[in-house]
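Only one structure is covered here, and it is reproduced in the block below.
Numbering (my numbering), first residue to last: 142 to 402.
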C-alpha cells in the first residue's frame with residue numbers, strides 16, 4: 142500500500158532528523174516531538190503486526206522503545222519543572238527544583254549515551270526490514286483491524302462513568318487509532334469517533350498532572366527533601382490534584398456515550 146510506505150518514510154525521516162541533531166540543539170519540544178514520532182511509528186507497527194504473522198512487533202520496536210522510555214524520563218522531569226515554575230510560590234521549593242534539574246541532567250546524559258552514531262545505524266537496519274512488510278498488508282485485514290480497534294475503544298467509553306484506572310490504557314488506544322486512521326483515510330460520519338481530538342488533548346493534560354503528582358509524592362516521602370519545603374510541596378500537590386480532578390470530570394463530560402452506542 143503506497144500510503145503506508147509514504148507514511149513510514151515520513152516517520153523514519155522525522156526520527157532520523159531528530160536523532161542526528163547536536164545534543165545542544167535539543168529542547169523540551171524536541172523530546173516531545175521525538176516521542177510523538179515514535180508513537181506514530183509504533184501505531185503503524187501495531188497495524189503491521191495484525192496484518193502479517195511474519196512481522197515481529199516486539200523485536201522491531203525494541204530499539205525505539207529504548208529511546209522512547211529514556212526520552213520519557215527526561216520529558217517527565219521537564220513537565221514537572223514547568224508546572225512547578227507556574228505555581229505562585231515556586232520560589233519556596235528552590236532546593237527541590239534544583240534537584241529536579243540535576244536529575245534531568247543525569248537523564249539527558251543517559252539519553253545521549255544511548256543515541257549515538259552506532260545506534261542510528263542499527264535503526265536504519267531495522268528500517269530495511271520493515272519496508273518489504275508494508276506492501277504485504279491486505280486491504281481487508283487493514284479494515285478489519287480498524288473496526289476491531291474502534292469497537293475496543295467504544296467498549297471502554299460507552300459507560301455511565303469513566304474509571305481512572307482506564308485512563309492511560311484508553312489514551313494509548315485512542316492515540317494508536319487516531320494515528321492509523323490518518324494513514325487509512327477511513328474517516329466517515331458514521332464510523333469516526335466524535336470529539337476524539339478534544340478527548341486526546343484532555344487525556345494528555347490529565348496524564349501530565351498524574352505523572353507530576355506521583356513524582357511529588359515520592360519527593361515528599363523521601364529523605365532527600367528539605368523539611369522546610371515539605372509543606373509547600375504538599376500544598377502544590379494538593380493544587381495539582383484538584384486540577385487533575387477537574388480535568389477528569391471534564392473528560393467524563395466530553396465522552397460521547399450515547400453517540401457511540
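Every residue gets a Cβ at the ideal spot worked out from N, C-alpha and C, and that includes glycine.
What you are looking at is a predicted structure, and each value in this text was computed from that prediction instead of being measured.
Check	Outcome
What would DSSP say about residue 276, mapped onto helix, strand or coil?	coil
Exposed or buried, residue 256, counting other C-beta atoms within 10 Å across all chains shown (16 or more means buried)?	buried
Go ahead and pull the three-state DSSP assignment for residue 328.	Annotation note: pLDDT 45 at residue 328 (below 50); position unreliable, coordinate value reported separately. DSSP places residue 328 in coil when its eight states are reduced to three.
So does the stretch 277 to 297 actually touch the stretch 218 to 236, counting three or more Cβ pairs closer than 8 angstroms?	no
When burial is assigned at 16 or more other CB atoms within 10 Å of the CB, is residue 178 buried or exposed?	buried
Name the two residues that bound the continuous alpha helix (DSSP H) containing residue 204.	198 to 227
Within 8 angstroms, do at least three Cβ pairs link the stretch 222 to 240 to the stretch 194 to 210?	no
Could you check the C-alpha separation between residue 317 and residue 369 for me, to the nearest Å?	44 angstroms
Report the option in 252, 276 and 186 whose CA atom is closest to the CA atom of residue 165.	252
Using only CA atoms, which one of 267, 394 and 241 lies nearest to residue 156?	267
What is the DSSP secondary structure of residue 258, reduced to helix, strand or coil?	helix
Measuring only the C-alpha atoms, how far is residue 327 from residue 376?	Any reading at residue 327 must be qualified, since the residue scores a pLDDT of 48, below 50, and its modelled position is unreliable; the value itself is stated next. Approximately 47 angstroms between the Cα atoms of the pair.
Evaluate residue 181 with the Cβ neighbour count: other Cβ atoms within 10 Å of its Cβ, from every protein chain shown; 16 or more gives buried, anything less gives exposed.	buried
When the Cα of residue 353 is compared with those of 340, 374 and 281, which residue comes out closest?	374
Is residue 363 helix, strand or coil when you go by DSSP?	coil
Can you give me the Cβ contacts of residue 381 inside the same chain, cut-off strictly under 8 angstroms, excluding the 5 residues immediately before and after it?	224, 350, 353, 354 and 357
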